[in-house]
Amino acid sequence: MVGRSVELTCKDAAPLVPSYLDGELTEPQAAPLRQHLLGCVACREVAKDAKALSAWFEPGSAVQAPEGFAARVARRAFAGDLGEGPVAAPEQVEPPARVQPAVPPGTATAGAQPEEGALLSFVLRLTAAAAVLLLTLAAAIQFGDRPATGEDLRADWDDMSLEERYGLDDPAMEEAERRRTAPRGGRPTEDR
Amino acid sequence: MEQAAQEDATLVQETMEGNQLSFQLLVERYQDRIFGLVRHYTRNAVELEDLVQDTFIKAFHRLETFQHQSSFSTWLYRIAVNTSLDFLKRRGRNPVQSVEDPELVGAAGLAGRGPREVAAPDADLERQEVADVTHEALEELPEIFRTVLILREFEEMAYQDIADLLGISIGTVESRLFRARARFKEALLRLHPEFGQDGR
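Residue numbers (the working numbering), protein chains in the order written: chain A, 1 to 192; chain B, 1001 to 1200.
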């Protein structure tokens, strides 16, 4: 080992070489190392080997994102895609609660979904309101004429005529009613 | 704040306010870099696109957690690296990490194998050939070493950015890089002895 530098020994210099080659040393750190490398063949070899190794990390051919990638990703993100696993169809999921999807000008796809959702919601609300109204009407028709209490029922019954009570007005039925209300003990008359 | 960082911050804010176009612009700004990073984890074009897409979609859902303490690109790179490592884990790769602690192996593992060094790639080699050999050797490395090498050598990230991205200290970055380079050299010489040269 040929450590000639006054400032650094080989033992101190060698561990600094990778950081030096990576440009991570400050000038006050790099200056004595440079000085040491100028005079030390062994440490220069260490640096040379490190550079040779780094030469293998040349970037290959550049990778470019596919056409329309960003628009596709943005659309999926705003449609609520959570990433990983099977990708849900954008129209089947709600957008995240945190983000209120905006409708950027000129983006028909982004604008169409909220309009369809609003229309569907309106129709559903309308249907529900109509159903409630129908049920109310039906209940009113069915129960509207009924007496509310037993006393009301008795008063109504007393006010009714015979015909009204039984809904009958023929003489035979009148006779039957008269017999039913006649004093007990009497022999029933027989029509022969 | 620099102009690029300011533009990122504006696009992030607009995205959080619901502007889809702003998020699209954010993706466009970084898509090529993320594709370049993630391709070191898979060479399958479909997997690559899926991973990059997952990276951006995860970023979208976590935008609220971006604190602007690190740059947006560092934050995004972290998501990309974690997404890629999760993918490799799900795929069952990385048997080395399961049987040894990579922090403890490293340069010591090369002891006794001679002083052979790796020569720089021959000028006759095509660029893609070099990339293929490098990738082959990288695949032999435990993920923590592969990642630190990718970030430093291909992405040319500063130690501080790597430390921020991986959530480790600069000292750990230095140490990990040292071991990663030793492991890479060992793998390259083992797989391709023809690229070795006698040591001093």
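Glycine included, every Cβ here is placed at the ideal spot set by N, Cα and C.
Computed from a predicted model, the values in this text were never measured in an experiment.
{"Check": "Note down the Cα distance separating serine 19 (chain A) from leucine 1149 (chain B), rounded to an integer number of angstroms.", "Outcome": "13 Å"}
{"Check": "Apply the 10 Å Cβ neighbour rule to proline 1121 (chain B) and answer buried if 16 or more other Cβ atoms are within range, or exposed otherwise.", "Outcome": "buried"}
{"Check": "Pull out every residue of the region 20–36 of chain A whose Cβ sits closer than 7 Å to any Cβ of chain B, in chain order.", "Outcome": "Asp22 and Glu24"}
{"Check": "Among B:Val1081, B:Thr1134, B:Leu1189 and B:Gln1020, which residue has its Cα nearest to the Cα of glycine 80 (chain A)?", "Outcome": "B:Gln1020"}
{"Check": "Of all the options B:Gln1024, B:Ile1170 and B:Arg1039, which has the alpha carbon lying nearest to the alpha carbon of phenylalanine 1154 (chain B)?", "Outcome": "B:Arg1039"}
{"Check": "Quick one: using the 10 Å Cβ neighbour count with 16 as the cut-off for buried, is phenylalanine 122 (chain A) buried or exposed?", "Outcome": "exposed"}
{"Check": "Given this structure, state the Cα-to-Cα distance separating serine 1022 (chain B) from aspartate 1164 (chain B), to the nearest angstrom.", "Outcome": "26 Å"}
{"Check": "Among B:Arg1078, B:Ser1175 and B:Glu1129, whose alpha-carbon lies nearest the alpha-carbon of glutamate 58 (chain A)?", "Outcome": "B:Glu1129"}
{"Check": "For valine 1118 (chain B), list the residues DSSP reports as bridge partners.", "Outcome": "B:Gly1196"}
{"Check": "Using a beta-carbon distance below 9 Å, is tyrosine 1159 (chain B) in contact with chain A?", "Outcome": "yes"}
{"Check": "So if I threshold CB-CB distances at 9 Å, which residues from the region 1120–1137 of chain B count as touching chain A?", "Outcome": "Ala1120, Pro1121, Arg1127, Gln1128, Val1130, Ala1131, Asp1132, Val1133, Thr1134, His1135 and Ala1137"}
{"Check": "What residue range is occupied by the uninterrupted alpha helix (DSSP H) comprising leucine 1076 (chain B)?", "Outcome": "1072–1090"}
{"Check": "Taking asparagine 1044 (chain B) as the reference, which of B:Gln1067, B:Phe1087, B:Phe1060 and B:Leu1141 has the closest Cα?", "Outcome": "B:Phe1087"}
{"Check": "So alanine 77 (chain A) and phenylalanine 1056 (chain B) are in contact, right, with Cβ under 8 Å, and what is the actual spacing, rounded?", "Outcome": "7 Å"}
{"Check": "Are any of the Cβ atoms in chain A nearer than 9 Å to that of phenylalanine 1066 (chain B)?", "Outcome": "no"}
{"Check": "Between the Cα of glutamate 1156 (chain B) and the Cα atoms of B:Glu1007, B:Met1016 and B:Arg1033, which residue gives the shortest distance?", "Outcome": "B:Arg1033"}
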